[in-house]
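Residues in the sequence shown are numbered consecutively from -10, following my numbering. Don't be surprised by glycine CBs; every beta carbon is placed ideally from N, CA and C. Note that the structure is predicted; figures quoted are calculated from it, not measured. Please read the structure below before turning to the comments.
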Amino acid sequence: MLHHYSPSRSFSFRWPASWPDGLPTLGRSDFRSGREALFALAQHLKSTDLAQGKVLLPAWVPEGVQLPFSLAQWEIHYYNLDHNANPKWEEITQRLNDQHFDLVVLIHFFGQERDAKRMQSLLPPGSRLLEDWAHSYPHPQWEPPTTPHWALFSPTKMIGTTDGAWLIGPSTITPPLKVNHQHYAFLFWQLLYLAGSSAQQLNLPGKQWWQRLSGGAYARAYRHLLAGTNTPKALSKTGKWLIRHTPHNKVIEERMAQAAYYYEHLTQGKIRFLAKDSNLLHPPIGFPLWVDDPQHFSTYLQAHGIRGQAFTDRWWFIKEHQSSQYQSSKDLLEHHFLLPIHQRFTEQDLTYVVEVVNQYPGE
C-alpha cells in the first residue's frame, strides 16, 4: 500500500498535561482563531489608542490576516516582499516616511524569523508592530515582544487541536464568553477533520474514504470559521484540553530536526531553498522551496504519495492594475512550495521523501 506523507494536522495528544515552555502568561489572550484575535486587536486599538485604523500588510498575505482588518473597517495598505519573503526594506522605509500607520504586520513566513528589530526601529511614535508567528510555534528561547508591540501564534496550523490562537502584547483582550450553535458546529467538523487526517497519517485501510472525510470536514469547518471572524470567541474547552495534552517539546524538536534533515540531504538542482540555513531557531510549518513550476512538482510528488503545501488560495488581494507594483511578492506566491514536516514522520519517511525529490526530472 502506498504510504501517505502529508502536512495535515492529526491527533497527537498524550495524557500527561504540558504547556509550551516559551509561551508567556502575562499579556496573553487565548482566542478561538487567529483571525478572531486580529479582529479583536483591531477593535481594541481603535478604542484604547485612538487609532485611525490604518494597517500596513505584506502584499502576499492570507485572508485570515486581511479579512479581520477589512471587517473592522480599517484602511489597508501593502508593502512588497523580496524573493526570500523578507520585506523590501528600502521600499518599506519610504512608505513609513510618507504615511503614518497605526499597525504594521510582519509575517514570519514558513517559520523563518524576519528582522522584527529592524522593522520596529523604522516605526514612528504611535505605530505598533504585530509579529505573525502562525507558521511557527513558541519555544523556550523565544522572547515575547516588547511593549507596545504584539505577537500572534496559531497552534491549529501545526498541532492536532480543534481551535486556538495566542495573542501576546502589552495587555490582555478578553474575548466574549457568548457561544452559539455555529461555534459547536465548527468544533464538530474540526474533530472529524482531525479524525480523518489522523487515519491517513496512520495509513489505515479505506484511504479514499478518510481523504473524503477530512477534506469535506475541513471545508465545512472553514466556512463556520469564516462566518465567525467578526464575532471573536475564546479558546474552547476541547481545544484547551488538546493543547494541554500535546507533547510540545517533541513537536518543536521533531520539526526542527526534520527541516535540518531536508537542508542537509536535498541535492535537487532544479529547486532553490527558501530556508536561510540549517541552523533553525524556530520550528517551521514546512520546508520551503522555490520551484519553477509548483503544480508540476506537486503532481509528481502526489504520484509518489507525498503531499506538500502552497499558500495560494485566498492569499492575494492586490487589485489587478496594481499587481505590477508588487511583482516580487507575486513571484513568491507563484513559485513557493513546502515539503511536508510532521512530528509523526520517522527518519525512514524523510529518507523516502528526499529520495523522491532528488529524482524529480523537472518539466
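query, result
"Nearest neighbour of SER22, chosen from LYS146, ARG103 and TRP63 [CA to CA]", "LYS146"
"Other residues of its chain near ASP10: CB distance less than 6 Å, five sequence neighbours each side excluded", "PRO129"
"Beta strand (DSSP E) segment containing ARG17, residue limits", "17 to 20"
"Cβ-based neighbour list, ALA216, same chain, cut-off 7 Å, excluding 5 preceding and 5 following", "GLN171"
"Nearest-angstrom beta carbon gap, TRP139 and LEU119 [assumed within contact, 8 Å]", "5 Å"
"Per-residue burial, PRO329 [other beta carbons within 10 Å of its own, 16 or more giving buried]", "buried"
"ASP338 versus ALA246 - alpha carbon distance", "13 Å"
"Exposed unless 16 or more other CB atoms sit within 10 angstroms - verdict on PRO57", "buried"
"Start-to-end residues for the alpha helix (DSSP H) that takes in PRO57", "52 to 60"
"Under 7 Å between C-beta atoms of ILE295 and GLY100", "no"
"Burial state of GLU356 (16 or more Cβ within 10 Å)", "In the structure as shown, the chain begins at -10 and stops at 352. Residue 356 is therefore absent and cannot be evaluated."
"Same chain, Cβ closer than 7 Å to ASP320, five either side skipped, listed in chain order", "HIS72"
"Beta-carbon proximity check, LEU176 vs THR227, cutoff 7 Å", "yes"
"Spatial distance of MET(-10) from SER225 (CA atoms)", "Low confidence applies to MET(-10): its pLDDT is 38, below 50, so where it sits in the model is not reliable, and the reading given next is rough at best. C-alpha separation (whole angstroms): 38 Å."
"Delimiting residues of the beta strand (DSSP E) encompassing ARG244", "First-last for ARG244: 237 to 254, but that is the alpha helix (DSSP H), not the beta strand (DSSP E)."
"Whether LEU327 touches PRO277 by CB criterion (7 Å)", "yes"
"At least 3 beta-carbon pairs within less than 8 Å: the stretch 240 to 259 vs the stretch 189 to 209", "no"
"Assigned secondary structure, ARG84 (DSSP; H/G/I helix, E/B strand, else coil)", "helix"
"Under 7 Å between C-beta atoms of GLN257 and VAL342", "no"
"beta-carbon LEU224 near the ligand HEM non-hydrogen atom, thresh 6 Å", "What this structure holds is no ligand at all, so the ligand HEM is not there to describe."
"Residue interval of the alpha helix (DSSP H) (run including PHE28)", "23 to 37"
"Cβ-based neighbour list, LEU180, same chain, cut-off 7 Å, excluding 5 preceding and 5 following", "THR151"
"Buried or exposed (CB count within 10 angstroms, at least 16 for buried), PRO194", "exposed"
"Backbone secondary structure at LEU(-9) - three-state DSSP", "Note that LEU(-9) scores a pLDDT of 47, beneath 50, so its modelled location is shaky; the value from the coordinates is reported in the next line. Correct three-state label for LEU(-9): coil."
"C-alpha distance - ALA105 paired with LEU95, whole-angstrom precision", "7 Å"
"Simplified DSSP assignment, three categories, for GLY351", "coil"
"Within-7 Å CB hit, TRP199 to chain B", "In summary, chain B is missing from the structure at hand, where a single protein chain is found."
"Same chain only: Cβ atoms within 8 Å of PRO(-4), ignoring 5 sequence neighbours per side", "ILE274, GLY275, ARG296, GLY297, GLN298, LEU327, PRO329, ILE330 and HIS331"
"Three-state class that DSSP yields for TYR67 in the structure shown", "strand"
"Buried versus exposed call for VAL189 [16 or more other C-beta atoms within 10 Å across all chains shown]", "Per the sequence shown, residue 189 should be read as Gln rather than Val. Looking at its Cβ environment, which holds 16 or more other Cβ atoms inside 10 Å, GLN189 is buried."
"Three-way DSSP call (helix, strand, coil) for ARG209 in this model", "helix"
"Residues sharing a beta bridge with PRO76, DSSP", "LEU70"
"Cβ distance (whole Å) where ARG17 is taken to contact THR161 below 8 Å", "7 Å"
"Ordered list of beta strand (DSSP E) runs contained in the stretch 128 to 178, each at least 3 residues", "139 to 142 and 154 to 157"
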